[in-house]
Ligand code: AHG
Ligand code: MN
Ligand code: MN
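Numbering (my numbering), first residue to last: 2 to 336.
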């Protein structure tokens, strides 16, 4: 039987053999994985752990926080603040950035996360996850400021997510393809279960919240309308639809068997570019998808090329199988 490769060994090999990641980044990723393991345990306990339900607070985006949003945020901060590899963190659940306290050594990395993605699915026992993105802080001696986080997705040095579903799976890129690690609960460690993930360039599956159809812009309406016409329509094939309402779960399906995911701008809140957040949802997912041979745009440009202007900036998202993403994107320039 082939020897199983733990996340630790995979990262050590990325560091030692391929020289792809410095030791500080390896340590950081190990700590993020440990935090995800702990969040996975809390998620699994569910009602027994008293973690279901709503908290009494709102986050900076005006969303009511779930208890697990707050727990996951705290787990990630407590795990990462003392190791010496980070300078600061930013999260969907915190208004501003979180500086590593003075009592701990300061590292050279910045960590961004959506501690719990798919919050509406927590209480109904549907897959949820943690999304993360790692940047380097500017190379100078001054303290870190919020502006230091405002780097385009192309500057990411690592990105990934951990999905808490029937299995807990950590999905990671450090710029050398996408690897998946399944949590072995008996061993207590993540074990490599897939490498060199590839997203098929074509697909017959789309994911979008159809209840917003009347609010969409023309290019998105046109694309979905053509899919819905099936074999008899201009696409000449029948399409299938999936919408899990957890981006992690929809992206995980796309990395596994292809598909296109869209959360486009819509007329409900015309002043916002979209619902999803650029820095800790779209950028890490965009990079993973690109690393697996897919594409990610906002309809007009590559997501990872967008220069962010705000920490909690929102963005329109179209990602997944390359040919479909290119098609939807091309409809934006022809209409
Ligand atoms: P979060 O739970 O972190 O706020 O993110 C939820 C996001 C994303 O995961 C999902 O694709 C989308 O919101 C679902 O939106 P709808 O409720 O409009 O379907
Ligand atoms: Mn989210
Ligand atoms: Mn969230």
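Cβ coordinates follow ideal geometry from the N, Cα and C atoms, glycine included.
Asked: Could you tell me whether any non-hydrogen atom of ligand 3 is closer than 7 Å to the CB of residue 117?; Found: yes
Asked: Give a single yes or no on whether residue 246 has its beta carbon closer than 7 Å to a heavy atom of ligand 5.; Found: Ligands present in the displayed structure are limited to ligand 1, ligand 2 and ligand 3, and ligand 5 is not among them.
Asked: If we count the other Cβ atoms within 10 Å of its Cβ and call it buried at 16 or more, is residue 49 buried or exposed?; Found: exposed
Asked: Threshold first: 4 residues or longer. Then list the alpha helix (DSSP H) segments lying entirely within the segment 198-282, N to C.; Found: 219-229 and 248-258
Asked: For ligand 3, any of its heavy atoms closer than 7 Å to the Cβ of residue 227?; Found: no
Asked: With a cut-off of 8 Å on the beta carbons, I'd call residue 91 and residue 133 a contact; round off their distance for me.; Found: Between residue 133 and residue 91 the Cβ distance is about 11 Å, and since that is not below 8 Å, they are no contact.
Asked: Tell me whether residue 210 counts as near ligand 1, meaning its Cβ is closer than 7 Å to at least one heavy atom of that ligand.; Found: yes
Asked: State buried or exposed for residue 306, treating a residue as buried only when at least 16 other CB atoms are found within 10 Å of its CB.; Found: exposed
Asked: Is the Cβ-Cβ distance between residue 316 and residue 279 less than 8 Å?; Found: yes
Asked: For residue 319, tell me which candidate among 155, 300 and 331 has the shortest Cα-Cα distance.; Found: 300
Asked: Would you kindly work out how many angstroms separate the C-alpha atoms of residue 61 and residue 331, rounded to a whole number?; Found: 34 Å
Asked: Closer than 7 Å to a non-hydrogen atom of ligand 2 - does that hold for the CB of residue 94?; Found: no
Asked: With a cut-off of 8 Å on the beta carbons, I'd call residue 162 and residue 44 a contact; round off their distance for me.; Found: The pair is not a contact, with the Cβ atoms about 14 Å apart (cut-off 8 Å).
Asked: What I want to know is whether the C-beta of residue 273 ends up closer than 7 Å to one or more non-hydrogen atoms of ligand 1.; Found: no
Asked: Assuming contact is defined by CB atoms lying nearer than 8 Å, are residue 182 and residue 12 in contact in what I supplied?; Found: no
Asked: Nearest to residue 308 by CA position, among 26, 218, 155 and 296, is which residue?; Found: 155
Asked: Okay, do the segment 249-268 and the segment 206-217 touch, 3+ Cβ pairs below 8 Å being the bar?; Found: yes
Asked: Measure the C-alpha to C-alpha separation of residue 284 and residue 77 and round it to an integer number of angstroms.; Found: 19 Å
Asked: Could you have a look at residue 41 and say whether DSSP puts it in helix, strand or coil?; Found: helix
Asked: Is any non-hydrogen atom of ligand 3 found closer than 7 Å to the C-beta of residue 140, if you look at the structure I gave you?; Found: no
Asked: Excluding sequence positions up to five away, which residues of its chain have a Cβ less than 8 Å from the Cβ of residue 37?; Found: 131, 163, 169 and 171
Asked: Who does residue 338 pair with in a DSSP beta bridge?; Found: Look at the range of the chain in this structure, 2 to 336, and you will see that residue 338 is not part of it.
Asked: Indicate the three-state DSSP secondary structure (helix, strand or coil) for residue 307 in the structure shown.; Found: coil
Asked: Taking C-alpha atoms, which residue in 251, 294 and 298 lies nearest to residue 266?; Found: 298
Asked: Nearest to residue 293 by CA position, among 271, 198, 4 and 240, is which residue?; Found: 198
Asked: Using the three-state DSSP reduction, which class does residue 66 fall into: helix, strand or coil?; Found: strand
Asked: So the candidates are 147, 41 and 141; which of them puts its Cα closest to the Cα of residue 310?; Found: 147
Asked: Residue 170 bridges to which residues according to DSSP?; Found: 164 and 183
Asked: Given a cut-off of 8 Å on the beta-carbon distance, is the pair residue 288 and residue 160 in contact?; Found: yes
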